[in-house]
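Once you know that position 115 of the sequence shown is 95 in our numbering, the rest is easy, because the numbers rise by one and skip nothing.
All C-beta atoms, glycine included, are put in the ideal place defined by N, C-alpha and C.
Okay, so here's the structure we're looking at.
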Amino acid sequence: MGGCAGSAGGRAVCAGPAAGWAREEGFTDAAVRLAECLAVYLHWRRYFDDFITVAGVAREAARHAGDRVSEAGAWNNLGIALRGAGRPAEAIKAHTHGRDLHHALGNSHREAVAWNNLGFALREADRAEEAIEAHIRARNLYQAVGDHHGEAGAWNNLGADLAETGHRAEAIEALTRARDLYQAAGDRHSEAIAQYDLGMALAEAGRVVEAVDGYGRSLEVFQKFEDWYRTGQVLHKLAIAHTTAH
């Protein structure tokens, strides 16, 4: 595939050529699968501009192929990318498209994923009450299909919504549920994220000692996973907590 332009960090952005290649008969399925694999890497590395490009190519490829399931998934990935790039209003539209497609297809599990991500975008757009409703819908759908890991994510996001709206006790309860579900699933990284969010809720409730203990546990995991972005976040919160305690 020729015509790729270099981007920051030595990554290659091949948006134009990739889009043309993706529309060629026989290549659309491969384009969608490749985009889904790249989405995980780009999201982890926080390369959101590239993520937006890749998700857009996947969406167009799936639409061209008439693959509504993959198109819905690509809308979801596009929403995540837009949210990461600080464009929540556009992310809401993307997640809504994905949710509606999954609902029309009768796929409750993927619809739950879309509701969960939509709620995240709504909260970032300062629409916390709507975010709460979205995450409750996601949690209930995850419970209905027996996806405990997905349920944990919905509980975690619901806890963050509740904390933002001042419902501290309910937030702590929701975030504790999320942490415990992730722990039971053996997902240490997600457990650490829930522990970090729980620490923030505990700190806001004046339970600083418990917050610091939780921050310390999440810090250890983030460092082990070389998640330096979240490591920095935890260190910042620890500094604030120690200042408050003294």
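- Message: My output table needs one value for Y176: the three-state DSSP class, helix, strand or coil.
- Response: Taking the first residue of the sequence shown as 1, we reach residue 176 at position 196. In the structure shown, Y176 sits in a helix (DSSP, three-state: H, G or I).
| query | Can you give, in chain order, each stretch of the alpha helix (DSSP H) that sits fully within the region 80 to 106 and has at least 4 residues? | reply | Here the runs fully enclosed are 88 to 104.
Taking the straight line between their C-alpha atoms, what separation do you get for E190 and A181? Reading the sequence shown from its first residue, position 210 is the one you call residue 190. Reading the sequence shown from its first residue, position 201 is the one you call residue 181. The alpha-carbon atoms of E190 and A181 are separated by roughly 10 Å.
Exercise. Cβ of A221 within 7 Å of Cβ of V201?
Worked result: To locate residue 221, count along the sequence shown from 1; it is residue 241. To locate residue 201, count along the sequence shown from 1; it is residue 221. Not a contact, by the Cβ cut-off of 7 Å.
Grab the span of the alpha helix (DSSP H) containing R117 for me, first residue to last. The residue you call residue 117 lines up with position 137 of the sequence shown. Here the alpha helix (DSSP H) through R117 covers 108 to 125.
How is T224 classed by DSSP in three states: helix, strand or coil?
The sequence position of residue 224 within the sequence shown is 244, counting from 1. In the structure shown, T224 sits in a helix (DSSP, three-state: H, G or I).
(Q) Within a Cβ cutoff of 7 Å, which residues of the same chain sit near A(-1), ignoring the five residues on either side of it in sequence? (A) Mapped onto the sequence shown, residue -1 falls at position 19. Unreliable placement is indicated for A(-1), whose pLDDT of 47 sits below 50; no coordinate value is reported for it.
At 4 residues or longer, and completely inside the region 27 to 82: list those alpha helix (DSSP H) runs for me, N to C. Fully enclosed alpha helix (DSSP H) runs of 4 or longer: 28 to 45, 48 to 64.
Cβ of L142 within 7 Å of Cβ of E150? What you label residue 142 is simply residue 162 of the sequence shown in a count that begins at 1. What you label residue 150 is simply residue 170 of the sequence shown in a count that begins at 1. For L142 and E150, yes; Cβs fall inside 7 Å.
Could you check whether R63 and A54 sit closer than 7 Å to each other, using their CB atoms as the reference points? As a working note, residue 54 is residue 74 in the sequence shown. As a working note, residue 63 is residue 83 in the sequence shown. No. Outside cutoff.
Can you tell me whether T242 is helix, strand or coil according to DSSP? Look at the range of the chain in this structure, -19 to 226, and you will see that residue 242 is not part of it.
message = So, does the region 200 to 215 touch the region 160 to 174, judging by three or more C-beta pairs under 8 Å?
response = Two segments are said to touch when three or more pairs of C-beta atoms, one from each, lie closer than 8 Å; by this definition the region 200 to 215 touches the region 160 to 174.
Next item on the list: Within its chain, find whatever has a CB closer than 7 Å to the CB of E110; leave out the 5 residues flanking it on each side and keep chain order.
Entry: Taking the sequence shown and counting its residues from 1, one reaches residue 110 at position 130. The beta carbon of E110 sits closer than 7 Å to the beta carbons of L102 from its chain, once the five residues preceding and following it are set aside; these are given in chain order.
Self-check item: Chain-order list of residues whose beta-carbon lies under 7 Å from that of D29 (same chain, five-residue window excluded)
Solution: In the sequence shown, residue 29 corresponds to position 49, counting from 1. Sequence-distant partners of D29 (beyond 5 residues in either direction) whose C-beta falls short of 7 Å from its own C-beta, in its chain, are A65.
>> So E91 and H77 are supposed to be a Cβ contact under 8 Å. How far apart are they, rounded?
In response: In the sequence shown, the residue the question calls residue 91 occupies position 111. In the sequence shown, the residue the question calls residue 77 occupies position 97. Not a contact, Cβ separation roughly 12 Å.
Review point. When DSSP labels each residue in this structure, what does F202 get in the three-state scheme?
Key: Here residue 202 corresponds to residue number 222 of the sequence shown, with the count starting at 1. Collapsing the DSSP output to three states places F202 in a helix.
Practice prompt. Work out the CA separation of A108 and G(-11) for me, nearest whole Å.
Written response: Here residue -11 refers to the residue found at position 9 of the sequence shown. Here residue 108 refers to the residue found at position 128 of the sequence shown. Unreliable placement is indicated for G(-11), whose pLDDT of 45 sits below 50; no coordinate value is reported for it.
Practice task
In the DSSP assignment, find the alpha helix (DSSP H) that holds A132 and state where it starts and stops.
Solution key: Taking the first residue of the sequence shown as position 1, residue 132 is located at position 152. Secondary structure note for A132: its alpha helix (DSSP H) is the uninterrupted segment 128 to 144.
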